[in-house]
Amino acid sequence: MRVALVHDYIKEYGGAERVLEALHEIWPDAPVYTTVNLPEFLGPHIKRFDGWDIRTSWLQGIPFRHKLISPFRILMPFVFGQFDFSDFDVVIVSATGAYFPNLLNKKKAVQICYCHTPPRYLYGYATAREWKKNIVFRILGEIANHFLRIADFNSSKNVDYYIANSQEVAARIKKFYKREAVVVYPPIDTTGSIKGKEKGKYYLAGGRLARPKHIDLIIKACRDLNVPLKVFGKGFAGYEKEIKGSEFVGEVSDEEKWKLMRNAKAYINASEDEDFGITPVEAMSAGTPVIAYKSGGVVESVVEGKTGIFFEELSVESLKKAMKQFNNAIIDPNDCVKQAQRFSKERFKSEIQLFISRVVKA
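Residue numbering for the sequence shown follows this note's numbering, beginning at 88 and increasing consecutively.
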């Protein structure tokens, strides 16, 4: 079976890229088609994709392409259609929600889309940039988004089978694309052993430091309660002063991340409309409980009272109330580890292979 993989772009390393890695482990000879490949921006993960057969679009030759990732989406209805998939039986698209990678000429191949989320900026979900504040950008953006929503819906028709990364995203696919989706939770690195775990003295937050993650809310709550907080990750969301008021450790390697998670008192997740939420599960893998905003896919991974505590409102006061509640809770680190194991990479690879074997005839 000849397999090709498709990914929006390679410029950062997060949950979507971990999915791409797991797919590539299943089919190591599969070429990866993407718009641009910018490994120099991967930080400590710079060598993750070394040796892969990565095939980029003509956008790879555009000057300052690393600054044009967002504007490039206007061109996506044309870019992905120029790739040639005539040599493949199966095309597996890893759709991060940034572009429209399903708009491709699949020829006779079966097209399977692993959807992390339909594009958030098209359907009213919180995004990394608050582009609607400027009246000119808002008007131009809404006009562009109207046509991009049409392109996105049309691209969904090209997909033979949808796989969603959570029940939350499956519901979005049903709502916006009128399509059914099988849920296969993303692969979680569950190597974060609790061996050597210390009694947590600090709270932890981090990952992609985008606006919907509401890291500023976490910082304010910890500051009000006068408790230590460590923040890791890459990028700011317009609150540099707030984040630098905590112990900001920047982008870290996997080894450094596991140490931070293993020795934290709790991992705090304040993401709005979380698609799934890989980092909270990684924290549980290290035996660390989670305090999370009750929204989106995180409610599918964190077990209330057993592996974490939820807060109901996206506010400092609601989070502070949950943190106080957490201090009176008794959570066994081993329960956190067991819950995280339900989302292992091995489970992901097995479910993906089983699904494809059922829908694709060799």
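For each residue, glycine too, the CB sits at the ideal point set by N, CA and C. Here the structure is a predicted model, which is why all the values come from computation and not from measurement.
Best match in the options for proximity to residue i [C-alpha to C-alpha]
i, options, result
"F28", "K448, Y354, F363 and G383", "Shown here, the chain extends from 88 to 449; a query on residue 28 therefore has no answer."
"C202", "D341, S388 and D95", "D95"
"F128", "K195, H153 and E108", "H153"
"R259", "F136, G384 and N124", "G384"
"F170", "L107, I418 and K193", "K193"
"E255", "Y272, R434, F240 and L235", "Y272"
"F335", "I250, D276 and V318", "V318"
"A196", "K432, N245, P115 and E108", "N245"
"E343", "L291, T394 and A308", "L291"
"Q428", "I365, I149 and E400", "I365"
"K307", "W345, L401 and A238", "L401"
"G101", "K448, V314 and G293", "G293"
"A251", "D239, E267, R236 and A238", "E267"
"W114", "M348, D137 and V177", "V177"
"Y289", "V339, F175 and M348", "M348"
"F363", "A257, G395, C423 and K134", "A257"
Counted within 10 angstroms of its Cβ, other Cβ atoms place residue i as buried (16 or more) or exposed
i, result
"M88", "exposed"
"L441", "exposed"
"D341", "exposed"
"N415", "exposed"
"H233", "exposed"
"V465", "Limits of the chain in this structure are 88 at one end and 449 at the other, which puts residue 465 out of reach."
"R36", "Residue 36 lies beyond the residue range present for the chain, which begins at 88 and ends at 449; the question has no answer from this structure."
"N421", "exposed"
"P274", "buried"
"S444", "exposed"
"F151", "exposed"
"I439", "buried"
"I302", "buried"
"D137", "exposed"
"I230", "exposed"
"G148", "exposed"
"I237", "exposed"
Cβ distance (whole Å) where residue i is taken to contact residue j below 8 Å
i, j, result
"M410", "L304", "Wrong, their Cβ atoms sit about 12 Å apart, outside the cutoff."
"F167", "A91", "That belief does not hold up - the Cβ atoms of F167 and A91 are roughly 12 Å apart, past 8 Å."
"I417", "P376", "So it is not a contact: roughly 10 Å between Cβ atoms."
"V180", "V93", "4 Å"
"E404", "S382", "Actually they are not in contact, since the Cβ atoms of E404 and S382 sit about 17 Å apart, beyond 8 Å."
"K436", "G130", "No, K436 and G130 are not in contact; Cβ-Cβ is about 26 Å, not under 8 Å."
"L146", "V123", "5 Å"
C-beta contact flag for residue i and residue j at 8 Å
i, j, result
"F397", "A373", "no"
"A357", "L406", "yes"
"Y248", "P205", "no"
"P164", "L190", "yes"
"S242", "F187", "yes"
"V368", "F430", "yes"
"L125", "I161", "no"
"A351", "G392", "no"
"A103", "T183", "yes"
"L209", "D174", "no"
"K432", "A185", "no"
"E99", "S253", "no"
- Does the pairing of the segment 294-308 with the segment 266-286 give three or more beta-carbon distances under 8 Å? no
- Item | Validate contact between the segment 137-151 and the segment 115-129 using beta carbons, cut 8 Å, 3 pairs | yes
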